[in-house]
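Protein chains in written order, with the working numbering: chain L, 21 to 575; chain H, 21 to 575. This report concerns only the one structure given below.
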């Protein structure tokens, strides 16, 4: 590890302990470090990929090339293909390279991984366009989430792993006074990697959600098989290509990281996950499959599944800013975020303000206005909403208008000025009574939000806590000006292992979790058993094993 | 927390990071700090307990008193009874006290727990006699393991929990430059305890194995229900009594720790474990029940189950000392230790020494001689062997003589000069071929050891690794003078997550794992999923949950 890399690791570890703002990569596309032509170059590179083989990956002995991606903006196939390996080939490659990778020092592993991020930085715009045209994210989110923010999360995982593997001494002299003599042992400890790691990606955040597990497994010495969602391969394929390049450059076998390609018709995840040699599994996706993976014997499994996120409205001195903030959170990437708010609990008596109560109806009207205002603003709406990744989401949106409850706002399509064929849906807003648990106790993935009329703020909190405990939650927003009530809300939600964002107004949204500071998913409720990046996320990837021997032979 | 307590915590945390020798409590009964009459006082106290109610525990609303302990030395009932609560009462008490205990500061929790250990120190001799007469351990082991060593492990868990809960800042100011302005958030994080903790004890090490989980759960804010084995209650009852006293002295509700009494005929563990409010389970015992507990949904489970421990003989320059060491390890507490060696792998060509090979037969003869020499030594045998805790173990010993293999040494009873009725069994030694996997691939709990004749040392290592991977292992002994072979043995066993002790000769045994230094059980093979005390052992008992809010209202 060179001095610069060493400094990066040191700074990153400090940031983990400080939890103040820290980032290694500018999040704005116009930042100087990316250069004037970076955006155009990235867009052109992406256009040229369409219809071609992605030929940057290790592909010896690959007999087939396949790919099934489709752009939600173009609504046509990208026709990009990738080398295909059988599950047996992937496992046998992984087993082969495990020997050398586990014996590579933590410093060398860290250097290689940091190098891969440095190269990735030059491809953030390629990744941005790849992400837009597989996930439907808007350009800005696609750049930030898949590029700099994902790279920050990768560095966070590298630093956390580096810290944990070096946490205990490699050797110690154990000297125990026994009265007339001392018992003296030389001891050693090793952080022993568990084995092949499988990272299963999702279709909406192909790099941001997969990169932490990928880098956490690698830094702790485990080879990784990345199995992306067949609909969102290119962004993570670029990451895997850069990792393979960094490995090869360092004289390592590139197969330490492999890309596993499958199709919706012939998925291979179960076969890989069940293989005895696969010891670690990272997964982002639906709860049903996540629960199945968590139940597999002999595996260490890290999941982010589905949840039901709540917002609790109690009081505010800036009602319009508050509702504007929530309207943005609901619209952002058309609600296709695990952190998007769904259930907004409002007491039937309305909310307190310094000028008296604002009634439920008035709040509901403001929500309708603010959402319409945003989606109908041609300079904002199409870019904030992005496109709908999966056709099933459109059907869910349609069905949601038939849920029992009062439709306050119907979903419609808006035109994207750059992509005539973009698949778009604006939010549905429903009013629901607090006893209609069957409506609001499941995740309604997509741009679907519910205003739930409760008896009191206490009932709002009780319902939000119960939903998080029973069905999981990844975020919670709350608006409250009373300190005792704030403490009550945070205390109750903390028991349901759900972080709370209070009184967010302009420029910061409940959807966002920052690397090095916010623990993303807590691991403490059904929304997932893992957290980016708490110590558990890295230490469960290796085992501390000791060795000891008398210091003087024969004693 | 006063200065002295603060210093103890500081020293203990340093010891965890150094992993050199550290102990807070003298392990020798004749140490000055215990006083001249301590032993006699402890013995008298124990004698007086027989036939009585153990009246030191919280017992309001207990309607019954029960107890089923029997001394393996006297082979008669102790007739000591304890207050009995229903599972519903235990859970409802736990839920009630959770509110105050989770809100008690980590410093105050640490102070109370350290106080309980200070009081416990004055009762080490009572605990020693209680342990002897429930587990059958010899006096010295009963004193050391249940007293000072268990207290060290408790302090280790307190220190590890203290370190982890304080690892991240309680608050931070997050200040992100956004170009024209800075986005500023005040953030907070809390280590939120998971809920009621159930600690399920075993009959052979009632305090040593239960204390780490008990103290780890308490320091991290979880109330604990201790459910001992009905045959070994008194030692841990004393611990619970001292904890309840320390809690009451600090103005806390004593029910933060409760003792759950049941019987072999009407066990309550399943009912407690399955209760939704029980979030944490610590367990020591057989693999079948351990696997069942590990499979429970919505629980964090820490297990130490059964394993098959191996010894690999390759080469030595002190063959007699080596075999004497192993003979002692086999005899110690009649093999009723989770760390006792069972399978001793020896190449059919024998082992290397500076004076040439020693053949398999000669080694086998030396084993027989050394074991006989130890058990027939009236000043050593009865005290090293102790007594057999469970009659089933005696039957297992008898049956083992009918296993396919050659009986090199039969088990017999020896007389204990102090207890005429002691239930004793000396070791069985069998010779087995390396293809008789069905004989040596299961735990033969008790004084049963197998000499397994292999094709080569490589096969010995392969079998030891495979057994550990498939059936679990907690210890591994190896004798080897060749550095490359030592590395090979440690490397292979480390992949099976099994610590290796090399070339132990006089005064130190593979059975012993020291607090603050040796990780007891690694958590990486089927012998158990937890380790005393790695960071995982404490951090899985709480969840990091964050809160954030704009630093300036309205932004």
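Heads up, the beta-carbon is just placed ideally off N, CA and C, and yes, glycines get one too.
Top-ranked residue by Cα proximity to residue 145 of chain L, from L/156, L/63, L/189: Of the residues L/156, L/63, L/189, the one whose Cα lies closest to the Cα of residue 145 of chain L is L/63.
Classify residue 18 of chain L as helix, strand or coil using the three-state DSSP reduction. What is shown of chain L runs 21 to 575, which leaves residue 18 of chain L out entirely.
Span of the alpha helix (DSSP H) holding residue 393 of chain L? 380-395
Contact under 9 angstroms by Cβ, residue 42 of chain H with residue 172 of chain H: yes
Given residue 469 of chain L as reference, the closest of L/391, L/49, L/267, L/455 once Cα atoms are compared: L/391
Let me confirm a value: residue 305 of chain H is counted as buried when at least 16 other C-beta atoms fall within 10 Å, else exposed. Which label applies? Taking all protein chains in view, the Cβ of residue 305 of chain H is crowded by 16 or more other Cβ atoms within 10 Å, so the residue is classified as buried.
Examine the Cβ distances between the segment 280-294 of chain H and the segment 170-190 of chain H and report whether three or more of them are shorter than 8 angstroms. no
Does any C-beta atom of chain L lie closer than 9 angstroms to the C-beta of residue 52 of chain H? Chain L contact via Cβ: absent.
Let me check you understand the geometry: is the CB of residue 432 of chain L closer than 8 angstroms to at least one non-hydrogen atom of the ligand FMN? Among the components modelled here there is no ligand, and therefore nothing to report on the ligand FMN.
CB residue 523 of chain H to CB residue 498 of chain H, shorter than 9 angstroms? yes
Within its chain, find whatever has a CB closer than 8 angstroms to the CB of residue 270 of chain H; leave out the 5 residues flanking it on each side and keep chain order. 128, 131, 132, 135
Identify each residue in the segment 549-570 of chain L for which the Cβ-Cβ distance to at least one residue of chain H is less than 8 angstroms, and report them in chain order. Residues of the segment 549-570 of chain L with a C-beta atom less than 8 angstroms from some C-beta of chain H are 551, 554, 555, 556, 559, 560, 563, 564, 565, 566, 567, 568, 569, 570, listed in chain order.
Under the three-state reduction of DSSP, which class applies to residue 316 of chain L: helix, strand or coil? coil
Under 8 angstroms by Cβ, that's how I've got residue 561 of chain H and residue 242 of chain H pegged, so tell me the actual separation to the nearest angstrom. The pair is a contact, with the Cβ atoms about 6 angstroms apart (cut-off 8 angstroms).
Please report how far the alpha carbon of residue 375 of chain L lies from the alpha carbon of residue 51 of chain L, in whole angstroms. 43 angstroms
Expressed to the nearest angstrom, what Euclidean distance is found between the alpha-carbon atoms of residue 491 of chain L and residue 109 of chain H? 28 angstroms
So which residues on chain H does residue 38 of chain L lean against when the C-beta distance must stay under 8 angstroms? For residue 38 of chain L, the chain H residues whose C-beta falls within less than 8 angstroms of its own C-beta are 189, 192, listed in chain order.
Nearest chain L C-beta to residue 172 of chain H closer than 9 angstroms, yes or no? no
For residue 151 of chain L, which of helix, strand or coil comes out of DSSP? helix
Rounded to whole angstroms, what's the CA-CA distance from residue 329 of chain L to residue 541 of chain L? Just pull it up for me. Within the model, the alpha-carbon separation for residue 329 of chain L versus residue 541 of chain L is close to 12 angstroms.
Are any of the Cβ atoms in chain H nearer than 9 angstroms to that of residue 283 of chain L? no
Cα-Cα separation between residue 533 of chain H and residue 495 of chain H, rounded to whole angstroms: 9 angstroms
Spatial distance of residue 252 of chain L from residue 224 of chain L (CA atoms): 8 angstroms
Indicate whether at least one CB of chain H lies closer than 9 angstroms to the CB of residue 315 of chain L. yes
At the 9 angstroms Cβ level, is residue 198 of chain H part of the contact set with chain B, yes or no? The structure shown contains no chain B; its protein chains are L and H.
What do you get for residue 342 of chain H, buried or exposed, if any count of 16 or more other CB atoms within 10 angstroms of its CB means buried? buried
Assuming residue 484 of chain H and residue 327 of chain H make a contact with CB atoms under 8 angstroms, what is their CB distance in whole Å? That pair is no contact at about 12 angstroms.
Going by other Cβ atoms of all chains shown within 10 Å of its Cβ, with 16 needed for buried, is residue 152 of chain H buried or exposed? buried
What alpha helix (DSSP H) runs, 4 residues minimum, are completely inside the segment 243-291 of chain L? 254-269
Output the distance between the C-alpha atoms of residue 464 of chain H and residue 464 of chain L, rounded to the nearest integer angstrom. 54 angstroms
Residue 569 of chain L versus residue 501 of chain H - alpha carbon distance: 11 angstroms
Give me the chain L residues within the contact set of residue 538 of chain H, using Cβ-Cβ distance strictly less than 7 angstroms, ordered along the chain. 566
With a 10 Å radius around its C-beta and 16 neighbouring C-beta atoms as the bar for buried, classify residue 301 of chain H as buried or exposed. buried
Quick check on residue 53 of chain H: buried or exposed, where buried means 16 or more other Cβ atoms within 10 Å of its Cβ? Classification of residue 53 of chain H: exposed, given that the 10 Å Cβ count is below 16.
Any idea which residues DSSP pairs residue 94 of chain L with across the strands? None; residue 94 of chain L has no bridge partner.
Using a threshold of 9 angstroms, state whether the C-beta atoms of residue 450 of chain L and residue 420 of chain L are closer than that. yes
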